[in-house]
Structure formats: C-alpha cells, structure tokens
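Since the structure comes first, as structure tokens, the remarks are kept for the end.
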Amino acid sequence: MKFFMNSEEFARRLCSWQREKGRQNLPWFTSDPYRRWLSEIMLQQTQVSVVRDYFARFLQAFPTVDDLAEASEEDVMRLWAGLGYYSRARNLHKTAKEIAAAGRFPQTRAAWEKLPGVGSSTAAALASFCNGEVAAVCDGNVKRVLARIFALSAPINQSKTAKLLQQRAEALVSRTDPGCYNQAMMDLGAMLCTRTTPKCEQCPVGEFCKASRQGNPLDYPVKAPAKPRRTALVHALLCVEIKEEEPWVWLVLRDEVQKGMGHWKGLWTLPETAHPRGVEVARIEHVMSHVTLTLAVHRAEVSELPPKAFAVPASRLTDGPLPAPIKKLLSTLLFDAQLF
Ligand code: SF4
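Take any residue in the sequence shown, count from 1 to its spot, add 89: that is its number in this note's numbering.
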C-alpha cells in the first residue's frame, strides 16, 4: 500500500509543510540541548501556550544546566508550581545534577533515555533535534496521527498497539532530517490532526491517510475503556495566626508520601491528618491523572500540627512552591475574616 511504501515522499511532504506552515520561532527552537531538554520536559502533558512563560522564568533563574544543578529543590519547585505533574520538576533537577557531573549532555537517544524523567519519545526528540539521530517521536499526538493514517482498529491504549505504532513511526521517520520530521509530526498533531476537529483538507499527508480516505478520521484512534479513576478523601488542617499584622499559614513540606498518594511531593501543602477535630471550612475536588482527590479542610490549632510544620506569611504564598489548587484555596480562605 502507498502509505507503507513511500515513506520518503511522506517525510518530504511533512517537512516542507513544517517549514512553511508549522510552528516557528518558539524560544526553544535551537540546537542548544539545555533549552531543548527543558522545553521537552515542560511540554509533556502541557500546552505550548502555558509552557512559554515557565520556560522564560526558568531560563532567567537558571541560565545554564550548571545553575539548575546548583539550585535548591525549593527554588526549582517554586518556579514549577502551577505547571503540575511535579515529578517532572524533581526529575529535571536530578537530571541537571547528573549532566553537570558528567560535564556534557548525552549525545545519543540511548544515553538520554537513561536519565530520570526522559522516556523513549522525549529521548528520540532530543537525539534527533540536537544530534540528528534517526529516532522517531511517538508521543500522544503522534500516536493519534498514525492511528488515523493507518486506520488502526486495535485500541491505542494497549501495549501491543503502542509497540506497533512505535515500529511504524521508526519506519516513517526521515533518514535525512529526522529533527524536522519529528517537529512536523508534532505540529501536525497539534495544529491539523487534532483530537476533535481534524482539518484533513489542509493536511500535507492526506493522500497517505486511510482514515481520511474512508471519511471517518474521528473514529480513530480506537480506545479500550479506561479503568475508572481512583478517588481519595484527604483531611487537611488549616491553622492561621496573625503575626506582624498579617496572616501566617502553617504548612508542611511534602517530602514523604503516603502509600498510593504520590502527589505534590517536594511542595508546601497543608498538613494532613486521618482524624480531624476542627470544623470543616472548605472542601475542594482536584482531578489528577491517577486519582480524584477530595480535600476537606478543617480549622486547627498549632498544638494539632505535626512537628515539622512551619508558618509562612500570606504575602509569601504567591511565590511559594505550593500546588495551584492549594494556592487558590488559601487566597480565597485568607479573605475570610471568620477564620482568624
Ligand atoms: S488527513 Fe486528516 S486524519 Fe489524516 S493525518 Fe491528516 S489531518 Fe489527520
């Protein structure tokens, strides 16, 4: 079939479309491995529009990988706060230390893949962008594009299908300009072959696309029903004191995680308890990839707090390393005079 055989033409069309209509001038479009790596980690699960500001702030605070390696974890988490998926920030910091100790960035996909937080697709992107290695990105967007091009009827969220898609991605990647090809596939997934409104009439590889020819691109990718997300109820303690004419909130550094509750490690959060005594003042629901968390917030006295708790003035909360929902909750609650 044409889409199997003519991979060179497929890649050529994609790359010329990328040069003409793809995303250009993003601040990380450079062969500097530090910028490329930083952006690829930030872009995992996060959109370009959100990443731009975080990327600029990170570069300003840590202009080189050595600066990032020498930073404190608190500073790294503070700058990451609000971007979510916080294990990315912890792994970023660990990886910076490994690269700084090695004195250079990895030169191959296999070497990138050994670093914390760098999966197969990210390693392929970095090796192709920075070193011109022939390696195919196969992230969520690319999988969707390929599932449509090949009209794959096997569920995309099964490991057998993931393996098949990876093989097809490796067969299609350009042998002469793998970096441009990978960027083009990612741009195609983000700009034209979107989840709900594929713009097939503008697609540079529409001629190769089986789903488009069948007239049913929205039927792909096929997905097996996902397991329902777990739910968890967590009781948090809110203790506020007025000192130096402003409210101070008692927080903890979440350095240890409870079994099955790996969220927010390395961030400042409200202390938690299994047996709350004070009145419940707020309840929020926060949906994460693995769990829907309900946080019930109870008033508490200092004597009820764990020994490692510390007080932070309200004016420091905006820039502190707090998860976005806790930051938002506190900014609302601290206006409530009845709490003090
Ligand atoms: S033709 Fe349509 S469905 Fe096929 S890859 Fe292009 S945008 Fe996606």
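Note that CB positions come from ideal geometry on N, CA and C, so glycine has one too.
Which residues share a DSSP beta bridge with residue i?
i: arginine 372; result: Ala385
i: valine 338; result: Val329 and Val401
i: tryptophan 357; result: Leu342
i: histidine 324; result: Thr362 and Ala385
i: arginine 319; result: Val380
Residues in the same chain with beta-carbon distance under 7 angstroms from residue i, minus the five sequence neighbours each way, listed in chain order, please.
i: glutamine 107; result: Cys269, Gln272, Ala273 and Asp276
i: glycine 171; result: Ala413
i: cysteine 104; result: Ser263, Asp266, Cys269, Tyr270 and Ala273
i: leucine 31; result: Nothing about residue 31 can be reported from this structure: the residues present for the chain run from 90 to 429 only.
i: proline 306; result: Arg237, Pro287, Cys289 and Ala300
i: glycine 362; result: Rather than glycine, the amino acid found at residue 362 in this sequence is threonine. Answer for threonine 362: His324 and Leu326, listed in chain order.
i: alanine 371; result: Val386, Leu418 and Leu422
i: glutamate 202; result: Ser209 and Ala212
How would you label residue i, buried or exposed, when you count the other beta carbons within 10 angstroms and need 16 or more for buried?
i: lysine 348; result: Reliability of the predicted coordinates at lysine 348 is poor, the pLDDT of 44 falling under 50, and the value obtained from them is presented with this limitation in mind. Label assigned to lysine 348: exposed.
i: proline 396; result: exposed
i: glycine 192; result: exposed
i: alanine 258; result: buried
i: aspartate 142; result: exposed
i: valine 368; result: exposed
i: glycine 208; result: exposed
i: valine 140; result: buried
i: methionine 94; result: Residue confidence for methionine 94 is low, a pLDDT of 49 falling below 50, so the modelled location carries little weight; the figure read from the coordinates is stated next. The residue is exposed, with fewer than 16 neighbouring Cβ atoms inside 10 Å.
i: valine 399; result: Contrary to the premise, residue 399 reads as phenylalanine rather than valine in this sequence. Exposed, since its Cβ has fewer than 16 Cβ neighbours within 10 Å.
i: valine 341; result: buried
i: leucine 394; result: buried
i: leucine 168; result: buried
i: phenylalanine 424; result: exposed
i: threonine 54; result: The structure shown has nothing for residue 54, since the chain only spans 90 to 429.
i: proline 116; result: exposed
Can you grab the Cα-Cα spacing for the pair residue i / residue j, in whole Å?
i: tyrosine 123; j: threonine 153; result: 7 angstroms
i: leucine 181; j: glutamate 290; result: 40 angstroms
i: histidine 387; j: glutamine 303; result: 57 angstroms
i: leucine 235; j: phenylalanine 218; result: 21 angstroms
i: leucine 384; j: proline 205; result: 30 angstroms
i: glycine 111; j: leucine 281; result: 10 angstroms
i: threonine 119; j: histidine 364; result: 53 angstroms
i: lysine 186; j: phenylalanine 144; result: 19 angstroms
i: leucine 422; j: leucine 157; result: 34 angstroms
i: arginine 102; j: arginine 146; result: 36 angstroms
i: glutamate 374; j: threonine 381; result: 7 angstroms
i: glutamine 134; j: threonine 283; result: 15 angstroms
i: leucine 326; j: alanine 313; result: 40 angstroms
i: leucine 241; j: valine 391; result: 59 angstroms
i: glycine 173; j: serine 378; result: 10 angstroms
i: cysteine 292; j: alanine 200; result: 34 angstroms
i: methionine 131; j: arginine 125; result: 10 angstroms
i: leucine 253; j: aspartate 228; result: 13 angstroms
i: valine 376; j: glutamate 97; result: 43 angstroms
i: lysine 316; j: threonine 358; result: 29 angstroms
i: glutamate 159; j: leucine 127; result: 16 angstroms
i: phenylalanine 194; j: threonine 184; result: 10 angstroms
i: glutamate 333; j: alanine 389; result: 20 angstroms
i: phenylalanine 129; j: valine 329; result: This sequence places glutamate at residue 129; phenylalanine is not what is there. So the two alpha carbons sit approximately 39 angstroms from each other.
i: glutamine 247; j: tyrosine 175; result: 26 angstroms
i: leucine 148; j: glycine 409; result: 18 angstroms
i: asparagine 114; j: leucine 322; result: 44 angstroms
i: isoleucine 188; j: arginine 366; result: 48 angstroms
Leaving out five residues on either side along the sequence, give the residues of the same chain with a beta carbon under 8 angstroms from the beta carbon of residue i.
i: threonine 197; result: Ala216, Asn220 and Glu222
i: glutamate 162; result: Arg179, His182 and Gly355
i: phenylalanine 99; result: Phe92, Leu261, Val294 and Phe297
i: alanine 279; result: Arg112, Val137 and Asn230
i: leucine 411; result: Ala170, Leu340, Leu356, Trp357, Thr358 and Leu419
i: valine 243; result: The sequence as given places alanine at residue 243; valine does not occur at that position. If we look at alanine 243 and ignore the five residues flanking it on each side, its Cβ neighbours are Lys249, Thr250, Leu253 and Val311.
i: alanine 150; result: Asp156, Ala160, Asp164 and Leu168
Ordered along the chain, which non-local residues of its own chain (more than five positions away) have a Cβ less than 6 angstroms from that of residue i?
i: alanine 213; result: Arg198, Ala224, Ala225 and Val226
i: arginine 319; result: Val380
i: proline 310; result: Arg233, Ala236 and Ile245
i: proline 402; result: Glu335 and Trp337
i: lysine 416; result: none
i: valine 165; result: Ala178 and His182
Say whether chain D places a C-beta atom closer than 8 angstroms to the C-beta of residue i.
i: arginine 101; result: Any reference to chain D falls outside this structure, which holds one protein chain only.
3 or more residues per run - each beta strand (DSSP E) lying fully within the stretch 116 to 197: none
Ordered list of alpha helix (DSSP H) runs contained in the stretch 214 to 277, each at least 4 residues: 229 to 238, 248 to 261 and 267 to 276
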